[in-house]
Amino acid sequence: MSRINTARRPDLVMEPWVRREMSRLVPELLPVAERPGPITSDEELLTFRQAHMIWTIAMHEGLASNVCDDWQFYDDHTNEMGMYMFGTSFPLGQPGGMPRLLATFRRGELPPESADLVRRTVDMGIAVLIDLEPMDARAADTLMTDIGVPPEPALRARLWRHCAGNPHFLLETVKLLIEGGGLHGALPEPLPLPEQVRSLIGRRLERVSGPALQAARAAAVLQSDFDVELVAELLGAPLLDLAPAWEELEAAQVLSASRFTHDLVYEAVAAGIPASVRGLLHRAAARTLEARGSGAARVARHWQEGGKPELAARAFVRAAREAHDQYLLADAVQFYTVAAGLLEGQGDLQAAAEVMAARAAVPVPGAEPPGRPALPG
711 MSRINTARRP DLVMEPWVRR EMSRLVPELL PVAERPGPIT SDEELLTFRQ AHMIWTIAMH
771 EGLASNVCDD WQFYDDHTNE MGMYMFGTSF PLGQPGGMPR LLATFRRGEL PPESADLVRR
831 TVDMGIAVLI DLEPMDARAA DTLMTDIGVP PEPALRARLW RHCAGNPHFL LETVKLLIEG
891 GGLHGALPEP LPLPEQVRSL IGRRLERVSG PALQAARAAA VLQSDFDVEL VAELLGAPLL
951 DLAPAWEELE AAQVLSASRF THDLVYEAVA AGIPASVRGL LHRAAARTLE ARGSGAARVA
1011 RHWQEGGKPE LAARAFVRAA REAHDQYLLA DAVQFYTVAA GLLEGQGDLQ AAAEVMAARA
1071 AVPVPGAEPP GRPALPG
(Lines of atoms letter the chains of each structure in order from A and count residues from 1; the text may use other names and numbers.)
(Lines give C-alpha, C1' and ligand atoms only; values in the text may rest on other atoms or scores of the structure.)
Protein backbone atom coordinates (compact mmCIF):
# COMPACT_ATOMS: atom_id res chain seq x y z
CA MET A 1 0.00 0.00 0.00
CA SER A 2 2.80 2.46 0.87
CA ARG A 3 4.63 1.79 -2.41
CA ILE A 4 1.44 2.51 -4.37
CA ASN A 5 0.98 5.77 -2.49
CA THR A 6 4.58 6.75 -3.20
CA ALA A 7 3.93 6.44 -6.91
CA ARG A 8 0.71 8.42 -6.50
CA ARG A 9 2.48 11.34 -4.81
CA PRO A 10 6.02 11.55 -6.24
CA ASP A 11 6.16 15.25 -5.39
CA LEU A 12 5.55 14.74 -1.66
CA VAL A 13 8.04 16.57 0.55
CA MET A 14 8.76 14.96 3.92
CA GLU A 15 10.78 16.14 6.87
CA PRO A 16 13.99 14.09 7.24
CA TRP A 17 12.86 12.39 10.46
CA VAL A 18 9.54 11.34 8.86
CA ARG A 19 11.35 9.98 5.80
CA ARG A 20 13.75 8.12 8.09
CA GLU A 21 10.96 6.49 10.11
CA MET A 22 8.87 5.62 7.05
CA SER A 23 11.84 3.90 5.42
CA ARG A 24 11.01 1.05 7.81
CA LEU A 25 7.95 0.40 5.61
CA VAL A 26 9.16 1.89 2.30
CA PRO A 27 12.86 0.95 2.02
CA GLU A 28 13.42 2.87 -1.22
CA LEU A 29 13.04 6.15 0.66
CA LEU A 30 16.62 5.89 1.98
CA PRO A 31 19.83 4.06 1.19
CA VAL A 32 20.44 0.96 3.32
CA ALA A 33 23.11 2.67 5.44
CA GLU A 34 20.72 5.49 6.44
CA ARG A 35 17.74 3.37 7.46
CA PRO A 36 16.98 3.06 11.21
CA GLY A 37 17.45 -0.13 13.16
CA PRO A 38 14.67 -2.11 14.89
CA ILE A 39 12.40 -0.29 17.34
CA THR A 40 13.59 -1.02 20.88
CA SER A 41 11.58 1.33 23.15
CA ASP A 42 8.18 2.91 23.67
CA GLU A 43 9.67 6.29 22.74
CA GLU A 44 10.88 4.99 19.38
CA LEU A 45 7.50 3.34 18.78
CA LEU A 46 5.72 6.66 19.46
CA THR A 47 8.05 8.47 17.04
CA PHE A 48 7.32 5.87 14.35
CA ARG A 49 3.56 6.18 14.89
CA GLN A 50 3.72 9.97 14.66
CA ALA A 51 5.68 9.72 11.41
CA HIS A 52 3.23 7.18 10.04
CA MET A 53 0.29 9.48 10.85
CA ILE A 54 1.93 12.46 9.12
CA TRP A 55 2.74 10.26 6.11
CA THR A 56 -0.80 8.84 5.91
CA ILE A 57 -2.50 12.25 6.17
CA ALA A 58 -0.25 13.62 3.43
CA MET A 59 -0.80 10.62 1.16
CA HIS A 60 -4.59 10.87 1.57
CA GLU A 61 -4.77 14.60 1.00
CA GLY A 62 -7.91 15.42 -0.97
CA LEU A 63 -9.67 12.17 -0.09
CA ALA A 64 -12.86 12.35 1.96
CA SER A 65 -12.82 8.68 2.97
CA ASN A 66 -10.90 5.44 2.79
CA VAL A 67 -12.41 1.94 2.49
CA CYS A 68 -11.02 -1.00 4.44
CA ASP A 69 -12.55 -4.35 3.44
CA ASP A 70 -12.29 -7.68 5.33
CA TRP A 71 -11.10 -6.08 8.55
CA GLN A 72 -11.27 -9.51 10.22
CA PHE A 73 -7.90 -10.30 8.60
CA TYR A 74 -6.07 -7.31 10.10
CA ASP A 75 -3.60 -8.10 12.88
CA ASP A 76 -3.38 -6.50 16.30
CA HIS A 77 -0.38 -4.29 15.44
CA THR A 78 -2.20 -2.78 12.45
CA ASN A 79 -5.24 -2.12 14.65
CA GLU A 80 -3.12 -0.40 17.29
CA MET A 81 -1.57 1.84 14.65
CA GLY A 82 -5.00 2.72 13.28
CA MET A 83 -6.35 3.43 16.76
CA TYR A 84 -3.46 5.80 17.42
CA MET A 85 -3.98 7.70 14.15
CA PHE A 86 -7.76 7.97 14.34
CA GLY A 87 -7.68 8.73 18.04
CA THR A 88 -5.20 11.62 17.76
CA SER A 89 -5.98 13.15 14.37
CA PHE A 90 -8.92 15.55 14.28
CA PRO A 91 -11.08 16.57 12.61
CA LEU A 92 -11.69 13.40 10.62
CA GLY A 93 -12.50 13.90 6.96
CA GLN A 94 -11.31 17.52 7.02
CA PRO A 95 -8.14 19.17 5.63
CA GLY A 96 -5.21 18.42 7.89
CA GLY A 97 -6.81 15.33 9.42
CA MET A 98 -7.28 11.65 8.62
CA PRO A 99 -9.91 10.82 6.02
CA ARG A 100 -12.99 9.07 7.30
CA LEU A 101 -12.74 5.29 7.30
CA LEU A 102 -15.39 2.84 6.09
CA ALA A 103 -14.44 -0.57 7.48
CA THR A 104 -16.34 -3.76 6.70
CA PHE A 105 -16.03 -7.11 8.42
CA ARG A 106 -17.96 -10.35 8.71
CA ARG A 107 -20.00 -10.64 11.87
CA GLY A 108 -18.56 -13.18 14.28
CA GLU A 109 -15.15 -13.36 12.58
CA LEU A 110 -13.30 -10.47 14.21
CA PRO A 111 -10.41 -11.48 16.49
CA PRO A 112 -11.06 -10.47 20.14
CA GLU A 113 -8.70 -7.49 19.96
CA SER A 114 -10.44 -6.15 16.85
CA ALA A 115 -13.88 -6.63 18.40
CA ASP A 116 -12.65 -4.72 21.46
CA LEU A 117 -11.41 -1.94 19.18
CA VAL A 118 -14.88 -1.66 17.62
CA ARG A 119 -16.43 -1.26 21.06
CA ARG A 120 -13.87 1.34 22.14
CA THR A 121 -14.19 3.50 19.03
CA VAL A 122 -17.98 3.44 19.25
CA ASP A 123 -17.84 4.33 22.96
CA MET A 124 -15.45 7.20 22.18
CA GLY A 125 -17.91 8.58 19.65
CA ILE A 126 -15.49 8.39 16.72
CA ALA A 127 -17.21 5.41 15.05
CA VAL A 128 -20.71 4.25 14.22
CA LEU A 129 -21.52 0.53 13.96
CA ILE A 130 -23.98 -0.35 11.19
CA ASP A 131 -25.16 -3.96 11.48
CA LEU A 132 -26.42 -5.09 8.08
CA GLU A 133 -29.34 -7.52 8.09
CA PRO A 134 -29.16 -10.77 6.08
CA MET A 135 -30.13 -10.59 2.43
CA ASP A 136 -33.81 -11.35 1.92
CA ALA A 137 -35.25 -13.62 -0.77
CA ARG A 138 -36.16 -10.77 -3.10
CA ALA A 139 -32.66 -9.31 -3.03
CA ALA A 140 -31.23 -12.80 -3.46
CA ASP A 141 -33.36 -13.28 -6.55
CA THR A 142 -31.98 -10.03 -7.99
CA LEU A 143 -28.43 -11.13 -7.18
CA MET A 144 -28.96 -14.49 -8.88
CA THR A 145 -30.24 -12.71 -11.98
CA ASP A 146 -27.16 -10.48 -12.00
CA ILE A 147 -24.75 -13.43 -11.82
CA GLY A 148 -26.51 -15.49 -14.47
CA VAL A 149 -28.41 -18.12 -12.47
CA PRO A 150 -31.22 -19.62 -14.61
CA PRO A 151 -34.67 -18.23 -13.70
CA GLU A 152 -36.27 -21.55 -12.66
CA PRO A 153 -37.81 -20.92 -9.19
CA ALA A 154 -37.10 -24.44 -7.89
CA LEU A 155 -33.44 -24.24 -8.90
CA ARG A 156 -33.00 -20.83 -7.27
CA ALA A 157 -34.80 -21.91 -4.12
CA ARG A 158 -32.56 -24.93 -3.77
CA LEU A 159 -29.41 -22.86 -4.24
CA TRP A 160 -30.57 -20.31 -1.66
CA ARG A 161 -31.43 -23.03 0.88
CA HIS A 162 -28.05 -24.69 0.31
CA CYS A 163 -26.31 -21.38 0.98
CA ALA A 164 -28.43 -20.65 4.09
CA GLY A 165 -29.18 -17.14 2.93
CA ASN A 166 -25.49 -16.23 2.84
CA PRO A 167 -24.63 -14.25 -0.33
CA HIS A 168 -20.92 -15.11 -0.02
CA PHE A 169 -21.75 -18.84 0.04
CA LEU A 170 -24.06 -18.29 -2.94
CA LEU A 171 -21.43 -16.48 -5.03
CA GLU A 172 -18.77 -19.10 -4.34
CA THR A 173 -21.17 -21.99 -5.04
CA VAL A 174 -22.38 -20.49 -8.31
CA LYS A 175 -18.78 -19.80 -9.35
CA LEU A 176 -17.90 -23.45 -8.70
CA LEU A 177 -20.96 -24.66 -10.63
CA ILE A 178 -20.10 -22.44 -13.61
CA GLU A 179 -16.51 -23.70 -13.65
CA GLY A 180 -17.79 -27.29 -13.68
CA GLY A 181 -20.53 -26.67 -16.20
CA GLY A 182 -23.21 -27.71 -13.72
CA LEU A 183 -25.27 -24.55 -13.42
CA HIS A 184 -27.56 -25.14 -16.39
CA GLY A 185 -29.85 -28.14 -16.31
CA ALA A 186 -30.36 -30.32 -13.23
CA LEU A 187 -28.19 -29.29 -10.28
CA PRO A 188 -25.77 -31.97 -9.04
CA GLU A 189 -26.46 -34.11 -5.97
CA PRO A 190 -25.18 -33.09 -3.56
CA LEU A 191 -24.45 -29.45 -4.30
CA PRO A 192 -20.73 -28.67 -4.03
CA LEU A 193 -19.10 -26.97 -1.07
CA PRO A 194 -16.44 -24.50 -2.26
CA GLU A 195 -13.12 -24.60 -0.44
CA GLN A 196 -13.45 -20.88 0.34
CA VAL A 197 -16.66 -21.63 2.25
CA ARG A 198 -15.00 -24.48 4.15
CA SER A 199 -12.15 -22.15 5.10
CA LEU A 200 -14.55 -19.41 6.19
CA ILE A 201 -16.48 -21.78 8.47
CA GLY A 202 -13.20 -23.15 9.83
CA ARG A 203 -11.95 -19.65 10.69
CA ARG A 204 -15.27 -18.88 12.37
CA LEU A 205 -14.91 -21.92 14.63
CA GLU A 206 -11.23 -21.22 15.38
CA ARG A 207 -12.12 -17.85 16.88
CA VAL A 208 -14.71 -18.95 19.44
CA SER A 209 -13.69 -19.51 23.05
CA GLY A 210 -13.18 -22.92 24.64
CA PRO A 211 -16.55 -22.96 26.45
CA ALA A 212 -18.34 -21.87 23.27
CA LEU A 213 -16.62 -24.59 21.23
CA GLN A 214 -17.61 -27.26 23.78
CA ALA A 215 -21.21 -26.02 23.70
CA ALA A 216 -21.19 -26.20 19.89
CA ARG A 217 -19.81 -29.74 20.02
CA ALA A 218 -22.47 -30.81 22.50
CA ALA A 219 -25.15 -29.31 20.25
CA ALA A 220 -23.67 -31.12 17.26
CA VAL A 221 -23.83 -34.44 19.11
CA LEU A 222 -27.47 -33.80 19.96
CA GLN A 223 -27.91 -32.69 16.31
CA SER A 224 -31.52 -31.54 16.70
CA ASP A 225 -34.15 -30.63 19.28
CA PHE A 226 -31.64 -28.94 21.56
CA ASP A 227 -31.59 -25.67 23.46
CA VAL A 228 -29.23 -23.95 25.87
CA GLU A 229 -30.82 -25.68 28.88
CA LEU A 230 -30.37 -29.17 27.41
CA VAL A 231 -26.77 -28.45 26.40
CA ALA A 232 -26.03 -27.11 29.89
CA GLU A 233 -27.39 -30.32 31.43
CA LEU A 234 -25.38 -32.44 29.01
CA LEU A 235 -22.15 -30.62 29.89
CA GLY A 236 -22.95 -30.46 33.60
CA ALA A 237 -22.49 -26.68 33.45
CA PRO A 238 -24.53 -24.04 35.30
CA LEU A 239 -26.99 -22.47 32.89
CA LEU A 240 -25.88 -18.90 33.61
CA ASP A 241 -22.25 -19.89 33.00
CA LEU A 242 -23.14 -21.33 29.60
CA ALA A 243 -25.32 -18.41 28.49
CA PRO A 244 -22.38 -16.15 27.44
CA ALA A 245 -20.92 -19.00 25.37
CA TRP A 246 -24.29 -19.47 23.67
CA GLU A 247 -24.44 -15.75 22.87
CA GLU A 248 -20.93 -15.99 21.46
CA LEU A 249 -21.98 -18.83 19.15
CA GLU A 250 -24.95 -16.82 17.94
CA ALA A 251 -22.75 -13.76 17.32
CA ALA A 252 -20.34 -15.96 15.36
CA GLN A 253 -23.27 -17.26 13.28
CA VAL A 254 -22.66 -20.83 14.40
CA LEU A 255 -26.03 -21.14 16.13
CA SER A 256 -29.30 -19.33 15.63
CA ALA A 257 -31.57 -19.82 18.65
CA SER A 258 -31.82 -23.63 18.92
CA ARG A 259 -30.35 -24.76 15.62
CA PHE A 260 -27.19 -24.52 13.58
CA THR A 261 -27.21 -21.69 11.08
CA HIS A 262 -26.48 -24.13 8.28
CA ASP A 263 -25.93 -27.85 7.75
CA LEU A 264 -22.41 -26.97 6.57
CA VAL A 265 -21.66 -25.37 9.95
CA TYR A 266 -23.07 -28.40 11.77
CA GLU A 267 -20.95 -30.74 9.64
CA ALA A 268 -17.82 -28.69 10.30
CA VAL A 269 -18.41 -28.73 14.08
CA ALA A 270 -19.21 -32.45 14.11
CA ALA A 271 -16.17 -33.32 12.00
CA GLY A 272 -13.89 -31.44 14.38
CA ILE A 273 -14.88 -33.35 17.53
CA PRO A 274 -12.01 -35.60 18.71
CA ALA A 275 -12.99 -39.26 18.96
CA SER A 276 -12.44 -39.42 22.73
CA VAL A 277 -14.54 -36.31 23.32
CA ARG A 278 -17.22 -37.56 20.94
CA GLY A 279 -17.73 -40.72 23.01
CA LEU A 280 -17.99 -38.76 26.24
CA LEU A 281 -20.55 -36.39 24.74
CA HIS A 282 -22.68 -39.20 23.33
CA ARG A 283 -22.74 -40.97 26.71
CA ALA A 284 -23.63 -37.72 28.46
CA ALA A 285 -26.36 -37.13 25.88
CA ALA A 286 -27.81 -40.60 26.46
CA ARG A 287 -27.94 -40.08 30.24
CA THR A 288 -29.41 -36.58 29.91
CA LEU A 289 -32.08 -37.56 27.38
CA GLU A 290 -32.98 -40.70 29.32
CA ALA A 291 -33.47 -38.64 32.48
CA ARG A 292 -35.70 -36.28 30.50
CA GLY A 293 -37.83 -39.17 29.23
CA SER A 294 -36.88 -38.71 25.60
CA GLY A 295 -37.66 -41.35 23.00
CA ALA A 296 -35.84 -44.63 23.54
CA ALA A 297 -34.56 -44.77 19.94
CA ARG A 298 -32.72 -41.47 20.33
CA VAL A 299 -31.24 -42.57 23.65
CA ALA A 300 -30.22 -45.91 22.14
CA ARG A 301 -28.29 -44.30 19.29
CA HIS A 302 -26.34 -42.13 21.72
CA TRP A 303 -25.42 -45.17 23.86
CA GLN A 304 -24.35 -46.94 20.66
CA GLU A 305 -22.23 -43.99 19.44
CA GLY A 306 -20.83 -43.63 22.95
CA GLY A 307 -19.42 -47.16 22.92
CA LYS A 308 -21.91 -48.72 25.34
CA PRO A 309 -23.47 -51.59 23.30
CA GLU A 310 -25.11 -53.32 26.27
CA LEU A 311 -26.96 -50.13 27.28
CA ALA A 312 -27.76 -49.40 23.65
CA ALA A 313 -29.30 -52.88 23.24
CA ARG A 314 -31.63 -52.36 26.19
CA ALA A 315 -32.67 -48.96 24.85
CA PHE A 316 -33.28 -50.40 21.36
CA VAL A 317 -35.55 -53.06 22.90
CA ARG A 318 -37.53 -50.27 24.60
CA ALA A 319 -37.62 -48.39 21.28
CA ALA A 320 -38.96 -51.50 19.55
CA ARG A 321 -41.73 -51.83 22.15
CA GLU A 322 -42.61 -48.13 21.75
CA ALA A 323 -42.75 -48.55 17.97
CA HIS A 324 -44.86 -51.72 18.30
CA ASP A 325 -47.32 -49.93 20.58
CA GLN A 326 -47.69 -47.18 17.96
CA TYR A 327 -48.12 -49.79 15.19
CA LEU A 328 -44.85 -48.71 13.58
CA LEU A 329 -44.10 -52.31 12.75
CA ALA A 330 -41.16 -51.77 10.37
CA ASP A 331 -39.43 -49.63 12.99
CA ALA A 332 -40.09 -52.24 15.66
CA VAL A 333 -38.48 -54.96 13.50
CA GLN A 334 -35.49 -52.75 12.80
CA PHE A 335 -34.93 -51.87 16.47
CA TYR A 336 -35.22 -55.51 17.59
CA THR A 337 -32.72 -56.50 14.89
CA VAL A 338 -30.18 -53.90 15.98
CA ALA A 339 -30.60 -54.88 19.63
CA ALA A 340 -30.05 -58.55 18.85
CA GLY A 341 -26.91 -57.76 16.88
CA LEU A 342 -25.48 -55.72 19.75
CA LEU A 343 -26.22 -58.50 22.25
CA GLU A 344 -24.59 -61.10 20.00
CA GLY A 345 -21.54 -58.86 19.75
CA GLN A 346 -21.37 -58.85 23.54
CA GLY A 347 -21.57 -62.63 23.64
CA ASP A 348 -25.03 -62.68 25.26
CA LEU A 349 -26.53 -65.21 22.87
CA GLN A 350 -29.49 -66.10 25.09
CA ALA A 351 -30.66 -62.49 25.34
CA ALA A 352 -30.12 -62.07 21.59
CA ALA A 353 -32.29 -65.12 20.91
CA GLU A 354 -35.07 -63.74 23.12
CA VAL A 355 -34.94 -60.43 21.23
CA MET A 356 -35.14 -62.24 17.90
CA ALA A 357 -38.16 -64.14 19.19
CA ALA A 358 -39.80 -60.81 20.01
CA ARG A 359 -38.91 -59.64 16.51
CA ALA A 360 -40.61 -62.68 15.01
CA ALA A 361 -43.72 -61.93 17.05
CA VAL A 362 -44.18 -58.50 15.43
CA PRO A 363 -47.39 -58.92 13.39
CA VAL A 364 -47.55 -58.60 9.66
CA PRO A 365 -50.03 -55.80 8.79
CA GLY A 366 -53.50 -57.28 8.41
CA ALA A 367 -52.68 -60.50 10.31
CA GLU A 368 -53.92 -61.45 13.77
CA PRO A 369 -51.41 -59.99 16.29
CA PRO A 370 -49.70 -62.63 18.42
CA GLY A 371 -48.93 -62.18 22.08
CA ARG A 372 -45.76 -60.41 23.06
CA PRO A 373 -43.09 -62.62 24.67
CA ALA A 374 -41.30 -61.57 27.83
CA LEU A 375 -37.93 -59.92 27.30
CA PRO A 376 -34.96 -59.22 29.53
CA GLY A 377 -34.36 -55.69 30.86
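Per the numbering used here, the sequence shown runs over residues 711 to 1087. Every residue, glycine too, gets a C-beta built ideally from N, C-alpha and C.
Going by beta carbons, A1023 and R1011 fall outside the 9 Å limit. A1049 is bridged by DSSP to nothing; it lacks a bridge partner.
Excluding residues up to 5 positions away in sequence, A1042, F1045 and Y1046 lie with their Cβ nearer than 6 Å to the Cβ of A1030 in the same chain. Of the candidates P809, V931 and I840, the residue whose Cα lies closest to the Cα of A981 is V931.
With contacts defined by Cβ atoms closer than 9 Å, R734 and R745 form a contacting pair.
Under the criterion of beta carbons closer than 8 Å, N776 and L827 do not qualify as touching, at roughly 16 Å. Per DSSP, the unbroken alpha helix (DSSP H) holding S909 starts and ends at E905 to E916.
Along the length of the segment 920-988, whole alpha helix (DSSP H) runs at least 4 residues long occupy 920-932, 938-945, 949-961 and 973-981, reported in chain order.
In this model, M724 and A761 are separated by some 10 Å (Cα to Cα).
Here DSSP, grouped into helix, strand and coil, assigns R810 to strand.
Counting the other Cβ atoms within 10 Å of the Cβ of H878 gives fewer than 16, which makes it exposed. Of the residues L950, H972, V964 and T855, the one whose Cα lies closest to the Cα of R817 is V964. Counted as a single uninterrupted DSSP element, the stretch harbouring V828 is not any beta strand (DSSP E) but the alpha helix (DSSP H) occupying residues P822 to D833. Of the candidates L990, R729, E960 and V859, the residue whose Cα lies closest to the Cα of L945 is L990. Annotation: the continuous alpha helix (DSSP H) that includes V1065 extends over L1059 to A1070.
Under DSSP, S751 forms no beta bridge with any residue. Here E1020 has Q1056 as same chain residues with Cβ atoms under 7 Å from its own Cβ, once five neighbours each way along the sequence are excluded. With a minimum length of 3 residues, the unbroken runs of beta strand (DSSP E) contained wholly in the segment 737-793 fall at 775-778. A direct Cα-to-Cα measurement between S919 and R988 gives close to 19 Å. The three-state secondary structure of P898, taken from DSSP, is coil.
A check of alpha carbon separations from M769 across D780, M793, V728 and E754 identifies V728 as the nearest. The alpha-carbon separation between L903 and Y976 amounts to approximately 14 Å.
By the criterion of a C-beta distance shorter than 7 Å, Q924 is surrounded in its chain by L945, once the five residues flanking it on both sides are discounted. Just so you know, the alpha carbons of E905 and E1064 end up roughly 51 Å apart.
Closest in C-alpha terms to Q1014, from the list E1000, A996, G1005 and R1028, comes A996. Distances from the alpha-carbon of P984 to those of A928, D937, K1018 and T971 put A928 closest. Here I836 carries a coil assignment [DSSP, helix/strand/coil]. Following the DSSP letters along the chain, one finds L869 inside the alpha helix (DSSP H) bounded by residues P863 to H872.
By the C-beta density criterion, L739 is buried, having at least 16 other C-beta atoms within 10 angstroms. One alpha carbon belongs to P741, the other to S909, and they sit about 42 Å apart.
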